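A.B. asks: Attaching a single structure in structure tokens format; questions to follow.
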Amino acid sequence: TTKEAAQYVTEAGAYTGATITAHHLLYNRNAIFLGGIRPHYYCLPVLKREVHRQALVQAATSGNPRFFLGTDSAPHPAHLKEHASGCAGCYTAHAALELYAAAFEAAGALDKLEGFAAFFGADFYGLPRNSGRIQLRKEEWTPPESYPFGEAVVKPLAGGEPLAWRVAT
161 TTKEAAQYVT
171 EAGAYTGATI
181 TAHHLLYNRN
191 AIFLGGIRPH
201 YYCLPVLKRE
211 VHRQALVQAA
221 TSGNPRFFLG
231 TDSAPHPAHL
241 KEHASGCAGC
251 YTAHAALELY
261 AAAFEAAGAL
271 DKLEGFAAFF
281 GADFYGLPRN
291 SGRIQLRKEE
301 WTPPESYPFG
311 EAVVKPLAGG
321 EPLAWRVAT
């Protein structure tokens, strides 16, 4: 999650790869403290300074096949996030591809999203590519602020905030 790590993977041999989360592409450490402590943006590795976020965006959108999608989605119950020693991790599964699309669009690299999201990981691990297809549509929607999670709730990243992309159903 650092500029140095992205540079290392870029310069290392073919057997070195890295996954990058949507939240590390979209947010820097300021997101954790905007308007007070925002525990649902706390993850490990923790969000870093803007220079590191920019380096990760450049790596993810470069077309380098050794960088690929890794959601690291962590659905911790809200009461365990909103705690003095809260759990680390961001819940992103509700809108993973939409969040990545936002990051790639902001970088002017939507044409690189398919490889990053669908091909590079499978290729790196020598697995067959998924033959299924999805379609992302430019359509604003707002994910709910929370989802039921057993007897608790989970608060998704960007819950209650408008997103510009949506997986077509």
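Each step along the sequence shown adds one to the number in my numbering, with nothing skipped, and position 64 is 224.
Every residue gets a Cβ at the ideal spot worked out from N, C-alpha and C, and that includes glycine.
On a predicted model such as this, the values are computed, not experimentally measured, just so you know.
Can you find the residues in the same chain that come closer than 7 Å, C-beta to C-beta, to Leu186, ignoring five residues on each side of it along the sequence?
C.D. replies: Within the same chain, Leu186 has close Cβ partners Leu259, Ala262, Ala263.
A.B. asks: Counting only runs of 4+ residues fully inside the stretch 259–322, write out the alpha helix (DSSP H) ranges in chain order.
C.D. replies: Correct list: 280–284.
A.B. asks: Please state if the CB of Pro308 and the CB of Glu321 are separated by a distance shorter than 9 Å.
C.D. replies: No. Outside cutoff.
A.B. asks: Could you check the C-alpha separation between Leu273 and Ala255 for me, to the nearest Å?
C.D. replies: If you take the alpha carbons of Leu273 and Ala255, they lie about 15 Å apart.
A.B. asks: Return the CA-CA distance between Leu216 and Ala166, expressed in angstroms with no decimal places.
C.D. replies: Approximately 6 Å between the Cα atoms of the pair.
A.B. asks: Do Val206 and Ala238 come within 9 Å of each other at the CB atom, strictly closer than that value?
C.D. replies: In this structure, Val206 does not lie closer than 9 Å to Ala238 by Cβ.
A.B. asks: Going by DSSP in three states, Leu257 sits in which element: helix, strand or coil?
C.D. replies: In the structure shown, Leu257 sits in a helix (DSSP, three-state: H, G or I).
A.B. asks: Going by DSSP in three states, Arg198 sits in which element: helix, strand or coil?
C.D. replies: Correct three-state label for Arg198: coil.
A.B. asks: Buried or exposed, going by whether 16 or more other CB atoms sit within 10 Å of the CB of Thr176?
C.D. replies: Exposed, because fewer than 16 other Cβ atoms sit within 10 Å of the Cβ of Thr176.
A.B. asks: Using a 10 Å radius around the Cβ and a threshold of 16 neighbouring Cβ atoms, would you call Lys298 buried or exposed?
C.D. replies: With fewer than 16 other Cβ atoms within 10 Å, it is exposed.
A.B. asks: In whole angstroms, what is the alpha-carbon distance linking Ser291 and Gly196?
C.D. replies: Answer to the nearest angstrom: the Cα atoms are 44 Å apart.
A.B. asks: State buried or exposed for Val211, treating a residue as buried only when at least 16 other CB atoms are found within 10 Å of its CB.
C.D. replies: Flag for Val211 reads exposed.
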